[in-house]
Amino acid sequence: MPVHFFVLILGGVFYALAFPPHGWSLLVFVGLGMLVWGLRGLSAAKAFRRGLVWGLAAFGFGLSWLGNIFSVVSPVLWFILALFPACFAALSAFAASRGLKRWALAAFMALAWCATEFIRCEIMPLRFPWMSTGLALEPWPLVSWIGVYGLGFLMMLTIVAPLRIGQDGAWPMIVLILAWCVTSSEVKKSRQLPTLPVAIIQAESAPLSRYLELSKKTSGIAKLIVWPEYAVPKDVRASSDLATIQALAAKLNAIIVFGTQTSLGGAKWQNTSLTVDGTRVLGEHGKHHTVHLFDDGESGPTMKAIDTPLGRMGTPVCFDCDFQDVVRHMTLDGAEFFAVPSMDAAHWGEKQHIQHAQLFRLRAAENRRPFVVAASSGVSQIISPNGWKGGSLPPMVEDVLDGRLIPEKELTFFTRWGWLTPWAALVAMLAWLGRLVVAR
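Plus 3 on top of the position in the sequence shown (first one is 1) and you've got this note's numbering.
In structure tokens form, the structure reads like this:
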């Protein structure tokens with residue numbers, strides 16, 4: 004094997020090790036640096052091939068759990084994901100061949116990375132936002148301003164600038180590391196003590212009687228109890244089970260949010276989070292982002308918060324929180340906190356569970372909203388507005404978690420405007436690329 008391919012494979016593995024369950028964050032800079040270094044002096048075609056090798060190593064190692072779900076098809080999925088760092092590599096090599104140097108080349112490469120990653124995560128038909136660069140830098144400096152993709156742009160800039168410019172290009176990395184240190188020191192701080200008692204039920208494919216039993220084992224003071232996605236895997240409003248759940252809510256003097264289904268007529272149905280108290284249905288949300296390649300119902304058309312006696316609440320379902328739009332729209336609609344039914348099947352493996360849990364913390368940090376996430380087999384967690392995990396249940400256990408949160412009303416810059424950062428990067432990169440193409 005040529006040495007440069009070994010270096011690229013090693014770089015991809017280092018990149019993957021920056022994410023859970025390992026979480027060796029600073030290796031993200033090493034892994035990306037090895038990719039960037041390996042592109043020097045290459046044609047676009049050769050750079051594409053090297054980027055593909057790096058991507059296959061990164062996603063094949065980091066997302067090895069896809070094999071638990073899709074078996075022999077998983078290499079195809081790794082290949083699709085690897086196409087995006089390959090495109091970044093080709094774009095970077097093309098820009099260098101057209102004469103871009105130093106800061107101009109560094110800026111173009113950072114824009115190209117942000118744009119291709121954004122397309123992979125949020126735009127392409129099989130959009131998949133796991134292992135985006137900014138995710139590695141938990142607790143995510145500046146994420147409430149520019150979001151995870153904006154953070155990825157800055158991280159790539161800090162990598163490219165020293166490699167392409169030298170010592171004069173080191174200042175972006177110094178600034179980013181300082182911001183990370185400040186964020187890390189402040190992430191556990193809270194301006195107020197949490198006031199709203201909440202509880203989570205973690206159980207997978209349990210009968211309704213088991214969810215009722217576990218709910219009675221909560222602290223007894225919880226005002227909000229959250230069950231997992233598919234806790235009642237049928238249209239609960241077409242059965243007597245709804246009255247049973249409401250009777251429990253009345254007895255516990257609590258609001259219960261749980262995963263169920265809504266019949267849409269014929270064979271069509273919708274994956275739904277339903278919110279009830281002891282007297283009525285307070286609101287519902289149809290899962291907007293259904294899971295690719297699964298029978299997960301029809302996509303829900305709205306992204307609205309609901310009014311409750313506890314405050315205005317968002318109730319996205321599982322995969323909704325992998326993407327930026329649902330949580331952001333619900334926050335703009337007045338959501339002060341989030342109750343999320345979720346499901347990660349036990350046979351998908353602990354690695355998948357731990358990686359998925361990070362995305363909920365990211366959404367909390369971007370919008371500065373507390374989250375209560377009830378996952379079927381873990382990781383269930385209570386998350387503070389800055390993304391700090393205040394309490395959690397490990398994967399593969401059936402248990403109850405009690406905790407507290409405090410609703411938030413202030414909107415972050417990200418929620419208002421910062422979400423446009425990757426769109427701006429995409430437009431800027433395409434405009435710059437167009438200029439390079441037509442230039443002689």
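For glycine and all other residues, C-beta sits at the position ideal for the given N, C-alpha and C. Note that the structure is a prediction, hence the values are computed from the model and not measured.
Those residues which DSSP pairs with residue i across a bridge
i	result
E287	L277
D200	The sequence shown places Pro at residue 200, not Asp. Per DSSP, R407.
K271	G268
T311	G314
D298	Bridge partners of D298: none, in fact.
T263	T275
I258	L227
Q327	Q327 is not bridged to any residue.
D244	Bridge partners of D244: none, in fact.
Q205	D402
Sub-8 Å separation of residue i and residue j beta-carbons
i	j	result
W230	P344	yes
V403	L217	yes
W150	F417	Residue 150 is actually Gly in this sequence, not Trp. Yes. Within cutoff.
G314	E339	yes
I385	G352	no
L277	V239	yes
D336	S379	no
V33	F17	yes
L69	L80	yes
R52	L108	no
A442	R101	yes
D325	L362	yes
A93	A19	no
L66	W116	no
P200	K226	yes
K290	V320	yes
M158	V10	no
T221	A202	yes
I162	V39	yes
Inter-residue CB distance, residue i and residue j (contact presumed, cutoff 8 Å)
i	j	result
G394	H356	The Cβ separation is near 16 Å, so there is no contact.
G15	G58	7 Å
I228	I259	5 Å
Q273	G317	With 8 Å as the limit, Q273 and G317 do not qualify as a contact, their Cβ atoms being about 17 Å apart.
P410	S387	Going by Cβ atoms, the distance from P410 to S387 rounds to 12 Å, so no, they are not a contact pair.
V330	N389	Between N389 and V330 the Cβ distance is about 15 Å, and since that is not below 8 Å, they are no contact.
G153	P398	In fact, because the Cβ distance is near 31 Å, the residues do not count as touching under 8 Å.
A368	S147	6 Å
S95	L160	That pair is no contact at about 13 Å.
Exposure of residue i, with buried meaning 16 or more beta-carbon neighbours within 10 Å
i	result
E141	buried
S212	exposed
A241	exposed
R283	exposed
I177	exposed
I248	buried
I224	exposed
D298	exposed
Curious, which full-length beta strand (DSSP E) runs of at least 3 residues does the region 337–366 contain? Segments of the beta strand (DSSP E) lying fully in the region 337–366: 340–345.
For a minimum of 4 consecutive residues, which ranges assigned as the alpha helix (DSSP H) are wholly contained in the region 74–121? Whole alpha helix (DSSP H) segments, 4+ residues: 77–100, 105–121.
Any beta strand (DSSP E) of 3 or more consecutive residues that is wholly inside the region 366–439: DSSP assignment within the region 366–439 yields the following whole beta strand (DSSP E) runs of 3 residues or more, N-terminal first: 374–378, 383–386, 392–396, 402–408.
Which parts of the region 10–71 are runs of the alpha helix (DSSP H), unbroken and 4 residues or longer, counting only runs that do not cross its ends? The qualifying runs are 30–40, 47–65.
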